[in-house]
Every structure is written in structure tokens, then in C-alpha cells.
Amino acid sequence: MTVAFLGLFLLFSSGCGAVPECPLEISPQRAVVRYGDPVTVNCTATQTARGMGWEATVGSTGMKTGVQSVIWNVSSLTDWTAEPKCFGNFFTEPKQCRKNLNISLYKYPDTVSLSSVNQPVQMVEGRQYQLQCEVQSIAPVQYLTVNWYRGQTLIHSQDFSHNTTRTPVNVSATLLFTPDRAHSGQRLTCEAELNLGPEGPQLPPANQSDPLRITVLYKPQFVQSNESLSLVAGGSVVLNCSAEGSPLPQYHWRYLEAPNVRDSSTGGWSVVNITAATPENSGRYTCTARNVLGDTARTFTLTVEQKSRDISRIVIPVVAVCLVAVVGIVIYKMKH
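According to mature numbering (1 follows the signal peptide of the UniProt record, and there is no 0), the sequence shown holds residues -18 to -1, 1 to 318 in order.
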């Protein structure tokens, strides 16, 4: 009974022993191949083999005997479904085994283009816009990263690692963009980048869209606040009204009209010229800057002061007259 039990235990133990590791080594362990390029991979047996070879939809070698290595070689790889396997038959355990080649067949995109879904190149400050980057015919998409740039600044990245499709596909990446006035005149671009790892190209070509040059529109805004000025009658002054805005604002003045007051506009500013000012020119001069997005106003408060009279011109003649009168009275009394 005991002998029988021991025999069963030994049989069971031998059947549950660890499976020897497959004595095949593939070099390189991962092949990264551009669509249509040649590829060569070597498979070597680390123990004596009865025979070995490659199984593949393209470049299959069949069983080769009396060898310790076998090469998988394809002059132009175009099979997106290729899954080469190196197999070996051995005199000792494991009697048979195989290893799969980790292969990535890749293709750069045909085109990369950028468009705005709901507005082309003119954007209003503070509004959100949806930009779309179209990448045509790229593989494998799981290694794709779409980068968004404003000028030379990277502003967003999107990867597609969840998509394991091996054949070329078209993909669309979206960016929600909120512009401000500092972005006006800058260029937006998107770039398709294949990150194929250390086995892939280390300086892949830049597959970038044509730039989208943006103009940011915003309502007028004055850099300076309201202003109060004082002027002596007879003097002149220029009131300068200049606002930032896109598109350039138009200007309108509101003030008490007078013959010596004139306003004019040119380019991005407007002025009021007051010459030979009088106290009647005192008051408010309000400039309104307006474009399609709104308007804003700035007020100048002007005070024109009357000239002070020269008292000496009055006092001296009066004193002189008084002195003459006093002298005359004294002389008169002395004679009488």
C-alpha cells in the first residue's frame, strides 16, 4: 500500500514539474519596420535542435534541420497582419516550442490638416472654439501623439494608445481653444508624431499641418483713465483719444461746440484741438471709441481760467495822480 502510494506521488510530481523555458532567442527582440522596407531577424537555439524555422504569412522558411539558427528575411514588408513565429524541435525538453516576434509595421500619415469647426481665422476674445486636426492614413495609431502648438509653444497633446488597430486609419484630434488679444497674429499648428520607442526612428520627420493664423477681435479699451486739465485763457491744448481694439475703433466726440474747437481722427486715434481758449471752453469733452464688439468712453474735464490783471498798471497811475494833487494843494496853501 505504501509502495503504491509512493509510486503515484512520484508520477504526480514528475507530471507537475516546471516546464523548461523555450531555448530560442530572437534578435532583435522587437522589429520596427517602415511600410515597404526590408526586414531581417535572426532566431538562435540555445540547445541542440532537431530542426527549426520561421512560420509567417510572408518569408516563411519551413523546417530546417541540422542548424542552430535561422533567419526571417523579407525584402519589402507590406503585410499589416504579419506575426512571424520562430519554432524549434529539440532532443530534450522542451521537445517543441516557439516564440513570437514583436513587430511593429508603421506608416507616416499622408496628410495632416488643421481646421476650425465653428469659425475660421477670426476669433472673439474669451469665446471657446473647437479646432480639429485631421491625420490621414497613419499606422499603428496606438503610437500616435497629436501635438498642438501656438507659435513655438506646445499647448496640448493627445495620444491614441487605447486604439490597437494595426492597419492605416484616419484619426481626428480636437482642441478647445479660448483666445485672448495677446494671441492675435500668432499661428496655430498641429503635428502628428509616431513614438515608436528606442527601436524606432530617433528623429522622426515632422508631420505638421499648415499654420492657421488667427486674428483676435475685442472691444475697445482705453489704456488711460478720465483726466482733468486746467488751462489759462488764451492758451491751447490737444486732447488725445486713443483706444486699443480689434478691429480698429471709430471715434466720436461730445462737447460744447465753439469756433476755436476742432476734432479730427486718423488711424487708431482721434484728437480735439482747442486754440486761444476762453472760459466758455470749460466743460467736459467725452470721446467714445466703438467697433463691432462694443464701445467705451473717456472724459476730459477742462477748466479755463481767466487771466489775472496786472495791478501795477492801475496802482501806479493812481498814485501818480494823487501825488500831483497833493503837491498842488501844498503849493497853493503856501502861496496863500
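Just so you know, even glycine gets a beta-carbon here, dropped at the ideal spot from N, CA and C.
Because the structure is a prediction, the values reported are computed rather than measured.
Asked: Using 8 Å as the Cβ pair cut-off and three pairs as the minimum, do the region 11 to 31 and the region 45 to 55 touch?; Found: yes
Asked: Look at the Cβ atom of residue 120, then the Cβ atom of residue 130, and state whether they are nearer than 9 Å.; Found: no
Asked: What does the Cβ neighbour count give for residue 86, buried or exposed, with the cut at 16 atoms within 10 Å?; Found: buried
Asked: Hey, could you find the ends of the beta strand (DSSP E) residue 202 is sitting in?; Found: 197 to 204
Asked: Do residue 259 and residue 273 have their beta-carbon atoms positioned less than 9 Å apart in this structure?; Found: no
Asked: Any contact between the region 141 to 148 and the region 107 to 114? By contact I mean 3 or more CB pairs, one from each, below 8 Å.; Found: no
Asked: Determine the extent of the beta strand (DSSP E) in which residue 49 is found, giving its start and end residues.; Found: Segment: none, residue 49 is in no beta strand (DSSP E) and carries neither H nor E.
Asked: Return the residue from the list 160, 257 and 122 that minimises the CA-CA distance to residue 152.; Found: 122
Asked: Report, in whole angstroms, the separation of the C-beta atoms of residue 193 and residue 169, which I expect to be a contact under 8 Å.; Found: 4 Å
Asked: Any idea if residue 280 is buried or exposed, counting beta-carbon neighbours within 10 angstroms, 16 or more meaning buried?; Found: buried
Asked: With a CB to CB cut of under 7 Å and the five nearest residues on each side skipped, what residues in its chain are close to residue 251?; Found: 222, 223 and 224
Asked: Entirely within the region 55 to 137 and at least 3 residues each: give me those beta strand (DSSP E) ranges in chain order.; Found: 67 to 72, 78 to 82, 84 to 88, 93 to 98, 104 to 106, 111 to 120 and 126 to 132
Asked: Check whether the Cβ atoms of residue 91 and residue 117 sit closer than 9 Å, and answer yes or no.; Found: yes
Asked: Would you verify that the beta carbon of residue 264 is, or is not, closer than 9 Å to some beta carbon of chain D?; Found: In summary, chain D is missing from the structure at hand, where a single protein chain is found.
Asked: Taking a contact to mean a Cβ-Cβ separation below 9 Å, would you say residue 287 touches residue 210 in this structure?; Found: no
Asked: Kindly give me the distance between the Cβ atoms of residue 88 and residue 98, rounded to whole angstroms, as I take these residues to be in contact under 8 Å.; Found: Incorrect: roughly 30 Å between the Cβ atoms, too far for contact.
Asked: Using C-beta distances below 7 Å, list every residue in its chain close to residue 50, excluding the 5 sequence neighbours before and after it, in chain order.; Found: 26, 27 and 31
Asked: So what does DSSP say about residue 185, is it helix, strand or coil?; Found: coil
Asked: Please report the residue range of the beta strand (DSSP E) in which residue 283 lies.; Found: 276 to 287
Asked: Select from 228, 230, 240 and 182 the residue whose C-alpha is nearest the C-alpha of residue 261.; Found: 240
Asked: Secondary structure at residue 38, three-state DSSP: helix, strand or coil?; Found: coil
Asked: CB-CB under 6 Å to residue 148, same chain, minus the five flanking residues each way: which ones, in chain order?; Found: 62 and 122
Asked: Please list, in chain order, all residues of the same chain as residue 184 whose beta carbon is under 7 Å from its beta carbon, the five residues on each side excluded.; Found: none
Asked: Taking residue 46 as the reference, which of 29, 40 and 70 has the closest Cα?; Found: 70
Asked: With 16 other CB atoms within 10 Å as the buried threshold, where does residue 44 fall?; Found: exposed
Asked: Using C-beta distances below 8 Å, list every residue in its chain close to residue 154, excluding the 5 sequence neighbours before and after it, in chain order.; Found: 114, 115, 116 and 117
Asked: Could you round the C-beta distance between residue 237 and residue 220 to whole angstroms and report it? I think they count as a contact, below 8 Å.; Found: The pair is not a contact, with the Cβ atoms about 14 Å apart (cut-off 8 Å).
Asked: Considering only their Cβ atoms, is the gap separating residue 12 from residue 179 smaller than 9 Å?; Found: yes
Asked: Taking residue 257 as part of the beta strand (DSSP E), name the residues at either end of that continuous run.; Found: It is not in any beta strand (DSSP E) - residue 257 carries neither H nor E in the DSSP assignment.
Asked: Look at the alpha carbon of residue 191 and the alpha carbon of residue 163, and state the distance between them as a whole number of angstroms.; Found: 23 Å
Asked: Going by beta carbon distance, what residues of the same chain come within less than 7 Å of residue 73, once the five residues before and after it are set aside?; Found: 30 and 32
Asked: Look up residue 3 in the DSSP assignment and say whether it is helix, strand or coil.; Found: coil
Asked: Residue 217 to residue 257, Cα distance in whole Å?; Found: 6 Å
Asked: Would you decide whether residue 177 is buried or exposed? Buried here means 16 or more other CB atoms lie within 10 Å of its CB.; Found: exposed
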